[in-house]
Amino acid sequence: MMEESYDFFKYFEEYIKYEKSVDTEWTASAYKNECALNGRIFTGELNQLEVICVKFKSFYNSLFFSLSNYDKHNEFAQFLNFWINYQLKANKSFSTTVDSFYNKVKDISFRFDIQNKLKGKIYDINVEQFTNMKFLYDLYSNYSSIKRINDFSISENNCLEYSQKCVKTYEDAIQKCPDDTTIFCKALKVFKGKYDGINKKEALKNCKVQELLPLPEYKAPTVDRRTSQEGELSSMEQSDQTEHPSTPYFSYVIGFTGSFIGIFFTLLILYK
3 MMEESYDFFK YFEEYIKYEK SVDTEWTASA YKNECALNGR IFTGELNQLE
53 VICVKFKSFY NSLFFSLSNY DKHNEFAQFL NFWINYQLKA NKSFSTTVDS
103 FYNKVKDISF RFDIQNKLKG KIYDINVEQF TNMKFLYDLY SNYSSIKRIN
153 DFSISENNCL EYSQKCVKTY EDAIQKCPDD TTIFCKALKV FKGKYDGINK
203 KEALKNCKVQ ELLPLPEYKA PTVDRRTSQE GELSSMEQSD QTEHPSTPYF
253 SYVIGFTGSF IGIFFTLLIL YK
């Protein structure tokens, strides 16, 4: 199985900007009118799955209808695929797959993605790789919150909260990386470089702290020393028993044989 690419996270700050705009723009009737799924007639009210449909189309338009973003369309499609996977997997009551959801949206929205920018790029991401993407999404979300505090001098300036979240998420993610050979581990290394890059006093001028918490290194799982020693002792005892199967048994046999020989010679002398 080929591992997914995580390069699309390099444009994360743009995704965040567009994702926030979706929260206010998705209610436009142009999106809602063509999201009555399962063949039902649109009545003005949308169920949860249909709301995702509307937001999906709104997000698509925000990402792809900007001339300045033309050279980023491949990465935008990758992120949108992660986004729709995230939306559908977050609600266990949805039985639809990403593939079938996308096909339904295309079927009822003849004007949606007429240039096929998403063709072959919207599909169900397997569990392991989706988990990796979720790690990176959470890391970059908190990283972006720290940057936003410093770039815009907003009143919320508790960078430490987001730094703590970064450390916790990174600590969980790095356990998948005993070395840096996988694409995911290299993506974590890229994030660490960005995080360390803003961990400077002059870059944190609007934070309540002068520096962020450092991201942890990989730690190999440890085995309890006492349990390990007990296991070694038990193994040694078993080995010793294999080499010397029954020392008490042999002692018993030798003792019994000696007694028998002694009685035999005593009887022999008496009968003479």
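Heads up, the numbering used here is the position in the sequence shown plus 2, with the first residue counted as 1.
By construction, the Cβ of each residue, glycine as well, lies at the ideal position given by its N, Cα and C atoms.
Spatial neighbours of residue i in its chain, beta-carbon cut-off 8 Å, leaving aside the 5 residues before and after
i, result
"Q89", "I54, K57, F58"
"E213", "N201, K202, K203, L206"
Between the CA atoms of residue j and residue i - distance to the nearest angstrom
i, j, result
"N71", "L65", "7 Å"
"P218", "V169", "7 Å"
"E173", "N152", "25 Å"
"K19", "L215", "26 Å"
"F137", "G122", "24 Å"
"Q80", "D182", "23 Å"
"Y220", "C161", "24 Å"
"K210", "T98", "45 Å"
"S95", "Y8", "28 Å"
"E16", "S102", "28 Å"
"K119", "E77", "11 Å"
For residue j and residue i, believed in contact at Cβ under 8 Å, the rounded distance
i, j, result
"F14", "Y142", "4 Å"
"F11", "A189", "7 Å"
"E21", "I127", "Contact doesn't hold; Cβ gap of about 18 Å is too wide."
"L39", "I116", "Going by Cβ atoms, the distance from L39 to I116 rounds to 20 Å, so no, they are not a contact pair."
"Y164", "I148", "5 Å"
"N144", "K178", "About 19 Å separates the two Cβ atoms, so there is no contact after all."
"K34", "L51", "Incorrect: roughly 13 Å between the Cβ atoms, too far for contact."
Residue i (DSSP reduced to helix, strand or coil)
i, result
"V169", "helix"
"G199", "helix"
"N93", "coil"
"F252", "Note that F252 scores 45 on pLDDT, short of 50, meaning its location in the model is unreliable and no value can be drawn from it."
"E163", "helix"
"K123", "coil"
"N105", "helix"
"E21", "helix"
"N208", "coil"
"A79", "helix"
"K12", "helix"
Below-8 Å beta-carbon distance, residue i vs any chain D residue
i, result
"V169", "In summary, chain D is missing from the structure at hand, where a single protein chain is found."
Own chain partners of residue i with C-beta closer than 6 Å, once the 5 adjacent residues on each side are dropped
i, result
"E27", "S60"
Closer than 8 Å is the cut-off here; do at least three beta carbon pairs connect the segment 72-89 with the segment 132-147? With the cut-off at 8 Å, the segment 72-89 and the segment 132-147 touch.
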